[in-house]
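**Q**
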Amino acid sequence: MKILVVGKGGREHALITALCESPSAPDVYCFPGS
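Following this line, the structure appears as C-alpha cells:
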C-alpha cells in the first residue's frame, strides 16, 4: 500500500511516525503543504 501525507505540522509528523512503525509498514511519502 502507498500512502501520501500532505502537510508539515505536528499531526502529519505523528501520523507518518505511526505508519512507519506499524507491522504492515506501508510505503509512506510526505509532501509539505503550502
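Position one of the sequence shown corresponds to residue 378 (the numbering used here), numbered consecutively onward.
Built from N, CA and C at the ideal position, the CB exists for glycine as well.
Does the Cβ-Cβ distance between ASP421 and LYS379 come in under 8 Å?
**A** Shown here, the chain extends from 378 to 411; a query on residue 421 therefore has no answer.
**Q** State the beta-bridge partners of LEU381 as determined by DSSP.
**A** Within the sequence shown, the letter at position 4 stands for residue 381. Answer by DSSP bridge pairing, in chain order: TYR406.
**Q** Under 6 Å Cβ to Cβ from TYR406, same chain only, skipping five residues before and after it: list those, please.
**A** For the purposes of this step, residue 406 is taken as the residue at position 29 of the sequence shown. Once the five neighbours on either side are set aside, the close Cβ partners of TYR406 are LEU381.
**Q** Given this structure, state the Cα-to-Cα distance separating CYS397 from GLY410, to the nearest angstrom.
**A** For this step, residue 397 is matched to residue 20 along the sequence shown. For this step, residue 410 is matched to residue 33 along the sequence shown. Roughly 20 Å separates the two Cα atoms.
**Q** In whole angstroms, what is the alpha-carbon distance linking PHE408 and VAL383?
**A** Numbered from its first residue, the sequence shown carries residue 408 at position 31. Numbered from its first residue, the sequence shown carries residue 383 at position 6. Going by the C-alpha atoms only, they are around 5 Å apart.
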